[in-house]
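Peer 1: Let me begin by handing over the structure; questions about it come next.
In our numbering, the protein residues as written are 329 to 449.
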């Protein structure tokens, strides 16, 4: 028996490893697409709310369905490009997700988060 040939067990293990790697790659791609769509929706809703506040109106004057319709009308290729750029810029590293989420919230809304507004005595 030649050393270059693999046993059935080794071939099956390699095939399972390759199939698993492919499944994980497909799952990661699916998660990236979902995260992008969620980020686009979040940015559109934040921009809609900011536009309403800029007009001097209160958000309570609008139903959730109206807000969603206005936000969906705002979604376009330019917003998707912005979301992609933001996602690469704010890619979380170990343990920094909450800080970056707070930074994102401050950047979108223009207001400090609760933690930044409270004082510790």
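Ideal Cβ positions, reconstructed from N, Cα and C, are used throughout, including at glycine. The model shown is predicted, which means the values in this text are computed figures rather than measured ones.
Would you grab the beta carbon distance between residue 407 and residue 371 for me? Rounded to a whole angstrom, and I think it's under 8 Å.
Peer 2: Numbered from 1 along the chain shown, position 79 holds the residue referred to as residue 407. Numbered from 1 along the chain shown, position 43 holds the residue referred to as residue 371. Right, their Cβ atoms sit about 6 Å apart.
Peer 1: At what residue ranges does the segment 385-423 contain a whole run of the beta strand (DSSP E), taking only runs of 3 or more?
Peer 2: The qualifying runs do not exist here; there are none.
Peer 1: For the putative contact between residue 390 and residue 380, defined by C-beta atoms under 8 Å, what is the C-beta separation to the nearest angstrom?
Peer 2: Counting from one through the chain shown, the residue named residue 390 turns up at place 62. Counting from one through the chain shown, the residue named residue 380 turns up at place 52. Between residue 390 and residue 380, the beta carbon gap of about 7 Å places them in contact (Cβ cut-off 8 Å).
Peer 1: Roughly how many angstroms separate the alpha carbons of residue 399 and residue 378, rounded to a whole number?
Peer 2: In the chain shown, residue 399 corresponds to position 71, counting from 1. In the chain shown, residue 378 corresponds to position 50, counting from 1. Roughly 11 Å between the two C-alpha positions.
Peer 1: What is the DSSP secondary structure of residue 365, reduced to helix, strand or coil?
Peer 2: Here residue 365 corresponds to residue number 37 of the chain shown, with the count starting at 1. In the structure shown, residue 365 falls within a helical segment according to DSSP collapsed to helix, strand and coil.
Peer 1: Quick one: measure Cβ to Cβ for residue 367 and residue 414, integer angstroms, because I've assumed they're closer than 8 Å.
Peer 2: One-based indexing of the chain shown puts residue 367 at position 39. One-based indexing of the chain shown puts residue 414 at position 86. Rounded to whole angstroms, the Cβ separation of residue 367 and residue 414 is 7 Å, and the two are in contact under 8 Å.
Peer 1: Given this structure, state the Cα-to-Cα distance separating residue 334 from residue 342, to the nearest angstrom.
Peer 2: Start at 1 with the first residue of the chain shown, and residue 334 comes out as number 6. Start at 1 with the first residue of the chain shown, and residue 342 comes out as number 14. Between residue 334 and residue 342, the C-alpha separation is close to 10 Å.
Peer 1: On the three-state DSSP scale, how would you describe residue 332?
Peer 2: The residue labelled residue 332 in the question sits at position 4 within the chain shown. Residue 332: coil per DSSP, three-state reduction.
Peer 1: For residue 329, is the classification buried or exposed, using 16 other Cβ atoms within 10 angstroms of its Cβ as the cut-off for buried?
Peer 2: Within the chain shown, numbered from 1, the residue matching residue 329 stands at position 1. In this prediction, residue 329 has a pLDDT of 46, which is less than 50 and means its spatial position is unreliable; what the coordinates show is noted afterwards. Exposed, since its Cβ has fewer than 16 Cβ neighbours within 10 Å.
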